[in-house]
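**Student:** Mind having a look at this structure? Questions to follow.
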Amino acid sequence: MTLAANAAAMKRLQAVRPNWRDVRFARDVLGLPEHTLLHAGPPYADPCRPSAPVLSSAILCCIYEGWAADEQTAAQLIASGRVKLVSAQSYEVVTPLAAVISSGTALVEIADGDGDAAWSLLGSGAGPQIRFGSRDPAVIERMKWRDKVLAPALAAALAAGSIDLIPLARTGLDHGDDLHARTTAASVALRDVISPRLNDPDIDAMLRQTPLFFLTLWMAACHLMMSAAARDADPSTTLVVALAGNGIDIGIRLAGRPTHWTTTVAAAPAGPRIDPSVLTPAAALTGDSGVIDAAGFGAQALMLAPEPAAAFEPWLPPDWRREQACLYAGVHPCFADLRCGLDAASVVSQNAAPLAAIAMIGADGRSGLLGRGLFAAPVDLFATAVRSLNP
Numbered sequence: 105m106t107l108a109a110n111a112a113a114m115k116r117l118q119a120v121r122p123n124w125r126d127v128r129f130a131r132d133v134l135g136l137p138e139h140t141l142l143h144a145g146p147p148y149a150d151p152c153r154p155s156a157p158v159l160s161s162a163i164l165c166c167i168y169e170g171w172a173a174d175e176q177t178a179a180q181l182i183a184s185g186r187v188k189l190v191s192a193q194s195y196e197v198v199t200p201l202a203a204v205i206s207s208g209t210a211l212v213e214i215a216d217g218d219g220d221a222a223w224s225l226l227g228s229g230a231g232p233q234i235r236f237g238s239r240d241p242a243v244i245e246r247m248k249w250r251d252k253v254l255a256p257a258l259a260a261a262l263a264a265g266s267i268d269l270i271p272l273a274r275t276g277l278d279h280g281d282d283l284h285a286r287t288t289a290a291s292v293a294l295r296d297v298i299s300p301r302l303n304d305p306d307i308d309a310m311l312r313q314t315p316l317f318f319l320t321l322w323m324a325a326c327h328l329m330m331s332a333a334a335r336d337a338d339p340s341t342t343l344v345v346a347l348a349g350n351g352i353d354i355g356i357r358l359a360g361r362p363t364h365w366t367t368t369v370a371a372a373p374a375g376p377r378i379d380p381s382v383l384t385p386a387a388a389l390t391g392d393s394g395v396i397d398a399a400g401f402g403a404q405a406l407m408l409a410p411e412p413a414a415a416f417e418p419w420l421p422p423d424w425r426r427e428q429a430c431l432y433a434g435v436h437p438c439f440a441d442l443r444c445g446l447d448a449a450s451v452v453s454q455n456a457a458p459l460a461a462i463a464m465i466g467a468d469g470r471s472g473l474l475g476r477g478l479f480a481a482p483v484d485l486f487a488t489a490v491r492s493l494n495p
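Heads up, my numbering is the position in the sequence shown plus 104, with the first residue counted as 1.
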């Protein structure tokens, strides 16, 4: 029954055509209540005590929203529960690394032709970022520019028509992207489409200087595909529709039981550092972007991406190309050179840890981005999830 159920889920996944349709604010599209922040990964056991990087991002967001005048007051609001931290995926949102989303946050809206949609954070260029989980006050100024300047300009550009992401992703893969650790070519292709619609040279310059701009769009696109796989799925379906961490726990969801998180304590990604002399420990897995790897990109596309593959080589297991391909259920017609659809049952039967390319951020909640990261998800987590389908 599982093979037939997985095949049906794969057909739904393959039928999705993700388009960048709009830029919208969380309060409008999600109905997100005030004093609520969405975070990556499974729900916290104690939302009043998030991981240090998420706490830092939440503190900055409280100040940005005007809920607190300083870091101490913001920390008290979170610790008391007056500001609530909620898993973003419960709202069909995926958010990168330690980024949190408030009601005033601008989101990219990725939609399929049948009206289904998913959302992620609107990127705001290079430099200080809410997703890096630091206390850098420059992040607040960047958030203001994102929501007051960038969001309206991109929304106006998209009013001329939505942008099909599949051809852009294909271009990225054909030119050395893995679509997670590296999205350079896909971001260039996206700029080529949207630049003629822009009137602000500063925004065009930002797009030109941000090789990872495509990332959050592709996160939402992969989430949309995985949500389709889970729609009306047979309870025996073992496709993984979420692979994410909150900085404390790693969690997965299976298509056969899509609202249930199976979790365990998370380890940290490992990989090359921006500055090898910075010895700050990396935070435990943080971010929703593992959905990219679960779909079949990211670490699963490194054979097409020589630059990130070379950077990760010391951390890649032997025979990773063959081993990883065995964990995936099928092939997407637009990406025939890759396997897609991570299958938890195959992870268990092969006893092989699936890889995800998720960046490293400082565990101290101060240091921010440390470098690229590679994460091996524990096999036992998938075994527990598969058992939960047949309690």
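By construction, the Cβ of each residue, glycine as well, lies at the ideal position given by its N, Cα and C atoms. Treat the numbers as computed from the prediction; the structure is a model and nothing was measured.
1. Could you pull out every residue in the same chain whose Cβ sits closer than 8 Å to the Cβ of residue 454, ignoring the five residues on either side in sequence?
2. What residue does the beta strand (DSSP E) around residue 349 start on, and which one ends it?
3. Tell me the residue span of the beta strand (DSSP E) that contains residue 129.
4. Under DSSP, the beta strand (DSSP E) around residue 142 begins and ends at which residues?
5. Which first and last residues belong to the beta strand (DSSP E) in which residue 444 is found?
6. Give me the Cα-Cα distance between residue 145 and residue 452, rounded to the nearest whole angstrom.
7. For residue 195, which of 338, 137, 174, 258 has the nearest alpha-carbon?
8. Taking the runs of the alpha helix (DSSP H) that are 4 residues or longer, which of them lie wholly in the region 239 to 318?
9. According to the neighbour-count rule (16 or more other Cβ atoms, all chains shown, within 10 Å of its Cβ), is residue 213 buried or exposed?
10. Classify residue 196 as helix, strand or coil using the three-state DSSP reduction.
11. Which value, in whole angstroms, describes the spacing of the CA atoms of residue 465 and residue 311?
12. Could you say which of 296, 320, 319 lies nearest to residue 309 if we only look at CA atoms?
13. Would you say the region 289 to 308 touches the region 266 to 279, given that touching needs at least three Cβ pairs under 8 Å?
14. Tell whether a beta-carbon distance below 7 Å holds between residue 362 and residue 345.
15. Go ahead and pull the three-state DSSP assignment for residue 67.
16. If I'm right that residue 401 touches residue 282 with Cβ under 8 Å, what's the distance once you round it to whole angstroms?
17. Under 7 Å, do residue 398 and residue 316 count as touching if we go by C-beta distance?
18. Taking its Cβ as the centre, do 16 or more other Cβ atoms sit within 10 Å of residue 369, making it buried, or is it exposed?
19. Is it right to say residue 128 is buried, meaning 16 or more other beta carbons lie within 10 angstroms of its own, or is it exposed?
20. Residue 461 by DSSP, collapsed to three states: which one?
21. State the Cα-Cα distance for the pair residue 416 and residue 280, rounded to the nearest angstrom.
22. If you draw a straight line from the alpha carbon of residue 179 to that of residue 394, how long is it in whole angstroms?
23. Suppose contacts are defined by Cβ-Cβ distances below 7 Å. Is residue 371 in contact with residue 334 by that definition?
24. Is residue 377 helix, strand or coil by DSSP?
25. Looking at C-beta atoms only, is the number of pairs between the region 433 to 451 and the region 462 to 479 that lie closer than 8 Å three or more?
26. Check whether the region 110 to 124 and the region 158 to 171 are in contact - that is, three or more C-beta pairs closer than 8 Å.
27. Looking only at its chain, what residues have a beta carbon closer than 7 Å to the beta carbon of residue 161, apart from the 5 residues adjacent to it on each side?
28. Could you pull out every unbroken alpha helix (DSSP H) segment of at least 4 residues lying fully inside the region 379 to 408, listed in chain order?
29. Return the chain-ordered list of same chain residues with a C-beta closer than 6 Å to the C-beta of residue 206, the five sequence neighbours on each side being excluded.
30. From residue 289 to residue 278, what does the alpha carbon distance come to, in whole angstroms?
**Tutor:** Short version:
1. 427, 430, 431
2. 344 to 350
3. 123 to 129
4. 140 to 143
5. 439 to 446
6. 22 Å
7. 137
8. 242 to 249, 255 to 262, 269 to 278, 288 to 298, 305 to 312
9. buried
10. coil
11. 23 Å
12. 296
13. yes
14. yes
15. As shown, the chain starts at 105 and ends at 495. That puts residue 67 outside it, with no answer to give.
16. 6 Å
17. no
18. exposed
19. buried
20. coil
21. 14 Å
22. 28 Å
23. no
24. strand
25. no
26. no
27. 202, 203, 204, 234, 237
28. 394 to 399
29. 141, 165, 169
30. 9 Å
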